[in-house]
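Residue numbers (the numbering used here): 2 to 225.
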Amino acid sequence: MSKDYIKKLEENRQNYAARHGYGTFFPSVNDYDIGNSPRSWALVPALRHAITKYPHTTHFFALSAHGLIMNPSLSIQSHPTGEKAVIKTFSHLKADKIDIVLTQDGEGLCQGSFILRRGEWARFFLDTWFDPLYRSYNFQKAEGHALEHVVQWHPTILTKLALIPQRLLNSYGVDISSRGGKEAMFKDDDFVVRFVGCELDSNRNCEQEMEPYYNQWKARWGNS
């Protein structure tokens with residue numbers, strides 16, 4: 002990622018945080034020892050680091066570096082579980098007891114944009130997800146497939162998880178048929194846009210995909 006790309010990402014996050022009184026955290030992959038695992042695994046220790054660094058923060062919004070917050074008027078406390086959210090979880094689990102909010106697309110659970118609530122459960126979840134055994138499995142999608150495995154085989158984790166409609170938290174900037182096609186694509190007033198998989202495809206360019214969305218965000222929100 003170029004310095005200009007990173008600068009735009011930080012500007013986008015800081016603008017959002019300033020509106021709601023949030024903090025920001027910009028870790029580097031190089032900050033964490035993930036051994037021979039794919040670099041994307043750094044997401045998990047970065048979250049653990051954030052929880053330690055901000056001991057009074059109640060919720061943590063993890064957003065991929067290949068994504069932008071497009072509607073900063075929406076807060077992470079109310080938007081994902083608000084009136085427009087159709088929450089899929091265990092019937093007895095109330096919104097105030099949810100510890101992680103995720104979406105899924107046509108290929109499975111999405112770890113590129115989700116919300117985690119502070120607590121012992123969160124620490125247990127991150128420790129379980131980052132288990133060296135899972136990192137040694139060589140999952141095709143690294144931490145993404147490991148997350149699905151954890152959710153599937155650990156009822157303790159599944160019972161605290163809520164799935165919400167994808168575009169509430171995880172709209173896409175390109176039409177990818179296997180991930181939901183046009184139904185998953187960003188529309189005006191969606192919270193987030195992601196350029197999912199751009200860094201893995203030699204025929205795509207993350208910075209070029211971001212540019213029109215950044216300009217759109219900047220024109221509407223960047224100076225307010």
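C-beta: ideal position from N, C-alpha, C; glycine also.
Secondary structure of residue i, DSSP reduced to three states
i	result
residue 78	coil
residue 186	strand
residue 141	coil
residue 96	helix
residue 33	coil
residue 21	helix
residue 197	coil
residue 223	helix
residue 3	coil
residue 13	helix
residue 87	For residue 87, the pLDDT reaches just 46, beneath the cut-off of 50, and the residue's location in the model is therefore unreliable, although a value from the coordinates is still provided. Here residue 87 sits in coil by DSSP.
Cβ-Cβ distance between residue i and residue j below 8 Å
i	j	result
residue 196	residue 67	yes
residue 73	residue 47	no
residue 161	residue 77	no
residue 175	residue 70	no
residue 107	residue 181	yes
residue 63	residue 44	yes
residue 135	residue 150	yes
residue 215	residue 9	yes
residue 14	residue 59	no
Residues sharing a beta bridge with residue i, DSSP
i	result
residue 111	104
residue 177	Answer is none; residue 177 lacks a bridge partner.
residue 69	194
residue 172	194
residue 118	60
residue 228	Here the chain has residues from 2 to 225 only, and residue 228 is not among them.
Residue i to residue j span [Cα, whole Å]
i	j	result
residue 185	residue 109	13 Å
residue 37	residue 148	18 Å
residue 144	residue 130	8 Å
residue 112	residue 206	21 Å
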